[in-house]
Amino acid sequence: FAVETVRALIDQDLVVASGGRYVLAPGAEVSQVRALAAPASLHALVASRLDALPPVERHVLSTASVLGLSFPLGALAALNPDNPDLDAVVAALQRRELLTVQNDRFAADKGQLRFVQAVVRQVAYETLSRRDRRAGHLAAAAHLQAEPNAEELSALSAQHLLDAVAAGNPGDSDTEELVSRAVRLLESAAARASSLAAYTEAQRHYLAALACATDQLTRIRLLEGAAAAAVYGRDYASALEHAKEVLTALATLPEPDPIREARTAAISATALYYAGRTGEAVELLEPYLERLPDTPEAQPVLLDVLTRLGGSHSLQGDHAAAEPLRDRQLRIAERLGDPNKLVDAWNAIALGHNGAGQPATGAVLLRASADLARAQQNPFGLGRALTNLYAADCTRDLDRALAHAREAYALSSRTPAYLRQLAGVNLALALHQSGGWQECADLLEPLLEGGVEHDPVLAAALAVQLWQDEARHGSARLEALPDLSGLDDKNTQAWYQQIIMVLARRDGDRQAAARAGATSVTTIVTTSGLEDDFHPLWTRAVLASLDAGLLDQAQEQIAHVADAPVGLLTPALAAQLPRLQGLLTLARGGDPEPELRQAIEALGAFGLVPDQVRSQQALAAWLVDQGRITVVDKPAVKS
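Okay, structure coming up:
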């Protein structure tokens, strides 16, 4: 109000700028300022300023208000085609401090004209008649749709069309056509946002279109789009609700549509899968294996059903049930001739091989999947392949696995949120194991901002954060245990047991820690075998058993690896095995030196530097106890 009051005084030539402040103008009297009637509101004050404008300036400002708070000069020119002096008028409005230029380099509208205050734009807009508002919005929409980047402006064009409808009369003959155009533009904006992985924005556009649509088939299509966008934007509750609305709407149609029903069910199942409710996903999808018609139109939807059903069975540890589904998925993908469907199928088959104890074959397929995804410029498929390649290499070549994790995480800004989280978890785990603790901590903090209950994949991130706390601060820092007990995703449950294990150890309950560690290992074996997450979970479970004095349990856990076929003994496991055997030997009063020295060399060669240092520390402590080396006090040195 104060600023606009000063601007009103400037407009009337009662004050002028002098020495960095405004002072009474030469010839003006204080009585004139005092006599200025104070408007009852800011709105009235601004209105009085606009009323005093020359007609041409007032007209340009009013048409500018149709364009919004900020706008490009070209759009203003489109709404003032008969004004040859537009630049001069705009300059005058800038001098009057009604318009300005956005100079903030971080602003999305940098370089555009902008109303100095929102209330100025509001008052200017209200001075227009309904007919002029309507004409202005239609002209603005026409201008935007004629721009070279019209596709990027679809949502803005749609809003102008809807504003034109709102400014018109209920009986206008073109209302239905304008609304229909707006719906199409919003749907186009949603599809573009999805292609850019802006899924929250896509969901918002679909719902905006839905609010205008009246045709039932159009509403069903928009709800389906909103459900899919919600899934990939991590809004699983909304995805399930939108999908439920689709099924309700489909029931009102005169003829059943099993293909659309199955596609909607696959969207719901994907939300359940990401939320760790894999049993519900299986129960939902299985009927559609028989319900879908054997037609070419149904094949892509059947492929979606098979993909999600096979993945859900695998996360439950039921690889036997998943295998025929993946074989069928591959056959359909081959027949469809869609390279991106083949990327997904190879990825799924690779995971099946890994779960069946055939990791070398799985790695070949994953590399083929990644290569094909690169060729197709498919960031989603490539990100998924890289994430799974990390899992294949994390126990074979830590440097290569770390490179996969970094590339997947860098790519994940163009992929669904679930994949970004998974890539982040993998990168954090690799950094923690290799000793990049600060980078790991910096990565985990934003990753865990939203909590774990909503995103079960983050159970692994939380466990790694707690490991970090133990390593860096001596104790895990977590106020309350998240409740993930009701989820049937075996991977999530294995990591959840690790969280329980760390917290039990913090609270001094070593027996409970050992039990949770043992459960973690028996759970992860059902989905991963000796691959992927087995290595870090197994290592910590054995250590928990040793810490609790449960030496026979530790021996049984070590046997998972010691008795494994040679072909499945990966370099990481081969490096950890002598370390854990040496610690067990030490706990039983034996000589751990040969095993620990072997571990120190192997762990260093693989890149598990923190575990190498721990092994050195354990060996040094034993040698001191045996009197074979003497500890010499030295000045403290900062590491």
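Per the working numbering: the sequence shown = residues 61 to 699.
Cβ atoms here follow ideal geometry from the backbone N, Cα and C, with glycine treated the same way.
It should be emphasised that the depicted structure is a prediction, and the values quoted were computed from it without experimental measurement.
Sequence ranges, alpha helix (DSSP H) only - wholly within the stretch 413-468, length at least 4: 419-435, 439-453
Assigned secondary structure, S545 (DSSP; H/G/I helix, E/B strand, else coil): coil
DSSP beta-bridge partners of F175: L159
V83 to L139 span [Cα, whole Å]: 38 Å
Opposing strand residues paired with S130 [DSSP bridges]: R174
Which of helix, strand or coil DSSP assigns to L590: coil
Rounded straight-line distance, which links the Cα of Q636 to that of D651: 18 Å
Spatial neighbours of Q615 in its chain, beta-carbon cut-off 8 Å, leaving aside the 5 residues before and after: L644
E247, buried or exposed, once every other Cβ within 10 Å from all chains shown has been counted against 16: buried
Short Cβ contact (8 Å threshold) for H265 with D223: no
According to DSSP, residues forming a beta bridge with R118: Paired residues: none, contrary to the question.
Spatial neighbours of V183 in its chain, beta-carbon cut-off 7 Å, leaving aside the 5 residues before and after: H103, V106, A107, L110
The stretch 271-291 in contact with the stretch 300-320 per 3-pair CB rule at 8 Å: yes
Straight-line Cα distance separating A477 from A112: 53 Å
Those residues which DSSP pairs with L84 across a bridge: V75
Cβ-Cβ distance between P419 and A452 below 8 Å: yes
Run of the alpha helix (DSSP H) containing Q219, from where it starts to where it stops: 214-227
Integer-rounded CB distance, given that Q557 should sit under 8 Å from S580: 4 Å
Simplified DSSP state of D378, which is helix, strand or coil: coil
Beta carbon of S372 nearer than 8 Å to that of V403: no
Residue from A468, A218, L121 whose Cα sits closest to the Cα of R181: L121
Spatially closest choice to E530 from D548, M561, V512, by CA coordinates: M561
Rounded C-alpha distance that separates D569 from A215: 57 Å
Cβ pair K550, G687 closer than 8 Å: no
Runs of alpha helix (DSSP H) wholly within the stretch 650-682 (minimum 4 residues, chain order): 653-666
Which of helix, strand or coil DSSP assigns to D387: helix
Span of the alpha helix (DSSP H) around T645: 631-647
Nearest to L203 (by Cα), restricted to the options R190, D192, A218: Position check: residue 203 holds His in this sequence, whereas Leu was assumed. Out of R190, D192, A218, A218 has the C-alpha closest to the C-alpha of H203.
CB of A331 within 8 Å of CB of L344, strictly: no
V517 versus D548 - alpha carbon distance: 12 Å
Three-state class that DSSP yields for N486 in the structure shown: helix
The stretch 226-239 contacting the stretch 249-256, beta-carbon criterion three pairs below 8 Å: no
Counted within 10 angstroms of its Cβ, other Cβ atoms place T355 as buried (16 or more) or exposed: exposed
Beta-carbon contacts of N438 that lie in its chain and below 7 Å, excluding the five residues immediately before and after: N400, V403
S130 classed as buried or exposed, judged by whether at least 16 other C-beta atoms fall within 10 angstroms: buried
Neighbourhood of L136 by C-beta distance below 6 Å, restricted to the same chain and skipping five residues each side: A124
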